[in-house]
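In this note's numbering, the protein residues as written are 182 to 850.
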């Protein structure tokens, strides 16, 4: 502290540079008004701030002067000086605090008394040094013995969301927490094996430039464990139960429960972590339970285990006798004492679910059937007072079933190639094939046991089918022969019936096309019918019907390979709603080289009972030419002097309201 009393000034000298407090006019006689017009003060002050390393002025440092009924903050200019602070007239202690980012703050206190009113300020030179870096170290001790605790886990948290973790070494201390440690309060949370977790706090102040030590004492902790076993139904203790306890650090120990259902106490060096007790007892299903001993679990930890009273159970497992592989999907029927009967399917592991309930003591037989295996069986016995699961193992011999169908002529016994064969069987099985030159299909593999129906269809023959059963013991290939009788068919006919509404239409032209380049035409009689009586091949037929005054009608018909007789097809015609004379032509004639229209070209249209001549206009178009009523081929010819003639042919098929537009290009001679 500096004391200024009756013009006696005591000034602290810094090691870097010695500055004197300039008393200025403090040595002059008292005045009331200063030359600049400001009132005189008893203790006017001005502060100069500099860098202690290079003696350069420090700009923008915050300078706070506080004293009796007075406080003001100013900032240094680029020359390091604050403005003059006046109106300080009371005796007392005045504290000057200087702060600047990147520097350690500095605080000085000066006692001011006995002064006169003056104009010249008291000058205070304050040097700022580089800020100190704060660091902290946590040391952990045994609260009873004071011994250092190594391996303790320390989590340090503090200002600015600070958080860091370290572990104590052999001396019980962590490595140093350093770096950007802010000033403020820090808390160390500590845990260590064999001790109750603890914590401690320390406050780091701006002046704490040396290492701050934070001691933490932990109370020793000695956990122990006991396993108690009881009946899950009654809650009664189970004596004589065998208990095996395992845990962290390869811990393993065993014990037997007493009359109270509890083991002796497991103690010693029990590490923190999870412990598992595996328990077995006569008349009960084995079980286990776990418990976790935490760092703060001191004293006895009890681990209860409940055992379910044990009832006998049984399951059947089925395997391939050759490979030992499990057989899934096998059907198991289990029978036993007291008319016991149950069943189920094996899963992917080859085993059924567990058969439980009131299983009496005695012998049980498992009968098993499975696809592609011979049936098998095996027996197992549940003894009196049996507890737990009894497994019956059944090994099945492989059985590959297949099927081939051959189709023959019933009269001659000759094979029928190209016959279609459809096989249907159990589990929605369906497969088909066609016979080859020997009259047989390919071999159908992976056939399941069960009932089958085979149907054969061949062109020129009546279809036939046979039904049969393949048993579980029917291994290998089963050959099926189907005999077909040749059809006595007088022929295949297609009859087309043409109507308009319910009225037969006579005189309609009917064209029929079909497979194998079939083509025929006919005209309906007074009943609207026409029949095509050639021996028609298998396949689909297209029917097209034309009649003047009607729109064209069409239909399709399919003759299957086994069809015999007359197939009826009905075609309905719709009356035209337009003038049938409106069948018309219009032709455009142009120069092939230039693409320009040709004017006054002569266009002649010739067809069935029809010839018309017209001329093109300047745009190359003829007028609309009407009157073509009859079906058939129409030839349109265009001629023009200086050009070679050109022509095109068109076919009228529909008779109602058609307009045929054509373009004809002519080349110059």
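The beta carbon of each residue, even a glycine, is placed where N, CA and C say it ideally should be.
As assigned by DSSP and simplified to three states, the class of residue i
{"i": "residue 386", "result": "coil"}
{"i": "residue 508", "result": "coil"}
{"i": "residue 780", "result": "coil"}
{"i": "residue 357", "result": "coil"}
{"i": "residue 285", "result": "coil"}
{"i": "residue 831", "result": "strand"}
{"i": "residue 322", "result": "strand"}
{"i": "residue 757", "result": "coil"}
{"i": "residue 238", "result": "strand"}
{"i": "residue 804", "result": "coil"}
{"i": "residue 846", "result": "strand"}
{"i": "residue 593", "result": "coil"}
{"i": "residue 517", "result": "strand"}
{"i": "residue 409", "result": "strand"}
{"i": "residue 540", "result": "coil"}
{"i": "residue 138", "result": "There is simply no residue 138 to check, as the chain begins at 182 and stops at 850 in what is shown."}
{"i": "residue 363", "result": "coil"}
{"i": "residue 256", "result": "strand"}
{"i": "residue 772", "result": "strand"}
{"i": "residue 742", "result": "coil"}
{"i": "residue 499", "result": "strand"}
{"i": "residue 576", "result": "strand"}
{"i": "residue 395", "result": "strand"}
{"i": "residue 312", "result": "coil"}
{"i": "residue 267", "result": "coil"}
{"i": "residue 453", "result": "coil"}
Whole-angstrom distance between residue j and residue i, CA atom to CA atom
{"i": "residue 841", "j": "residue 709", "result": "30 angstroms"}
{"i": "residue 352", "j": "residue 329", "result": "6 angstroms"}
{"i": "residue 833", "j": "residue 765", "result": "10 angstroms"}
{"i": "residue 369", "j": "residue 467", "result": "46 angstroms"}
{"i": "residue 248", "j": "residue 255", "result": "15 angstroms"}
{"i": "residue 850", "j": "residue 788", "result": "28 angstroms"}
{"i": "residue 521", "j": "residue 633", "result": "33 angstroms"}
{"i": "residue 424", "j": "residue 439", "result": "11 angstroms"}
{"i": "residue 417", "j": "residue 537", "result": "25 angstroms"}
{"i": "residue 739", "j": "residue 706", "result": "24 angstroms"}
{"i": "residue 701", "j": "residue 753", "result": "20 angstroms"}
{"i": "residue 741", "j": "residue 794", "result": "52 angstroms"}
{"i": "residue 658", "j": "residue 584", "result": "5 angstroms"}
{"i": "residue 433", "j": "residue 473", "result": "15 angstroms"}
{"i": "residue 293", "j": "residue 274", "result": "6 angstroms"}
{"i": "residue 322", "j": "residue 350", "result": "12 angstroms"}
Residues that residue i bridges to, as DSSP identifies them
{"i": "residue 280", "result": "243"}
{"i": "residue 587", "result": "621 and 662"}
{"i": "residue 710", "result": "678"}
{"i": "residue 443", "result": "409"}
{"i": "residue 487", "result": "411"}
Sequence-distant residues of the same chain with beta carbon closer than 7 angstroms to residue i, five excluded per side
{"i": "residue 652", "result": "630"}
{"i": "residue 226", "result": "246, 266, 269, 302, 303 and 305"}
{"i": "residue 253", "result": "246 and 266"}
{"i": "residue 442", "result": "409, 410, 411, 418, 419 and 420"}
Beta-carbon contacts of residue i that lie in its chain and below 8 angstroms, excluding the five residues immediately before and after
{"i": "residue 315", "result": "359, 362, 363, 364, 385, 389, 390 and 393"}
{"i": "residue 540", "result": "492, 493, 494, 495, 517, 521 and 563"}
{"i": "residue 343", "result": "337, 362, 363 and 367"}
{"i": "residue 755", "result": "681, 731, 732 and 734"}
{"i": "residue 239", "result": "230, 231, 232, 257, 261, 281, 284 and 309"}
{"i": "residue 644", "result": "636, 637, 638, 665 and 743"}
{"i": "residue 713", "result": "674, 675, 676, 677, 693, 701 and 703"}
Closer than 7 angstroms: residue i CB and nearest the ligand PLP heavy atom
{"i": "residue 623", "result": "For the ligand PLP, the structure offers nothing, since it holds no ligand at all."}
Close-in-space but distant-in-sequence residues of the same chain around residue i (CB under 6 angstroms, 5 per side omitted)
{"i": "residue 347", "result": "335, 355 and 356"}
{"i": "residue 778", "result": "771, 800 and 801"}
{"i": "residue 450", "result": "none"}
{"i": "residue 476", "result": "372, 378 and 453"}
{"i": "residue 831", "result": "815 and 841"}
{"i": "residue 782", "result": "770, 797, 819 and 821"}
{"i": "residue 851", "result": "Because the chain spans 182 through 850 in this model, residue 851 falls outside it and cannot be assessed."}
{"i": "residue 209", "result": "Confidence in residue 209 is poor, its pLDDT being 43 and thus under 50, which makes the residue's placement unreliable; the coordinate value appears in the next sentence. So the list is empty, once near-sequence residues are dropped."}
Segment contact flag, the segment 529-544 with the segment 603-619, C-beta cutoff 8 angstroms, min 3 pairs = Verdict: no, contact absent.
contact_flag[the segment 571-579, the segment 540-555] where n(CB pairs < 8 angstroms) is 3 or more = Yes, they touch.
For the segment 514-524 against the segment 480-492, are there 3 or more C-beta pairs whose distance is under 8 angstroms?
-> Contact check between the segment 514-524 and the segment 480-492: fewer than three CB pairs, one atom from each, fall below 8 angstroms, which does not count as touching.
With a cut-off of 8 angstroms, do at least 3 Cβ pairs link the segment 686-697 to the segment 724-731?
-> Contact holds: three or more Cβ-Cβ distances are below 8 angstroms.
Segment contact, 8 angstroms Cβ cut-off, at least three pairs: the segment 638-646 with the segment 671-686 = In the pairwise beta carbon analysis, the segment 638-646 is classified as not touching the segment 671-686: fewer than three pairs are separated by under 8 angstroms.
Are the segment 365-382 and the segment 394-403 in contact at 8 angstroms, needing three or more beta carbon pairs?
-> Three or more Cβ pairs drawn from the segment 365-382 and the segment 394-403 lie within less than 8 angstroms of each other, which places the two stretches in contact.
contact_flag[the segment 403-413, the segment 450-467] where n(CB pairs < 8 angstroms) is 3 or more | Contact holds: three or more Cβ-Cβ distances are below 8 angstroms.
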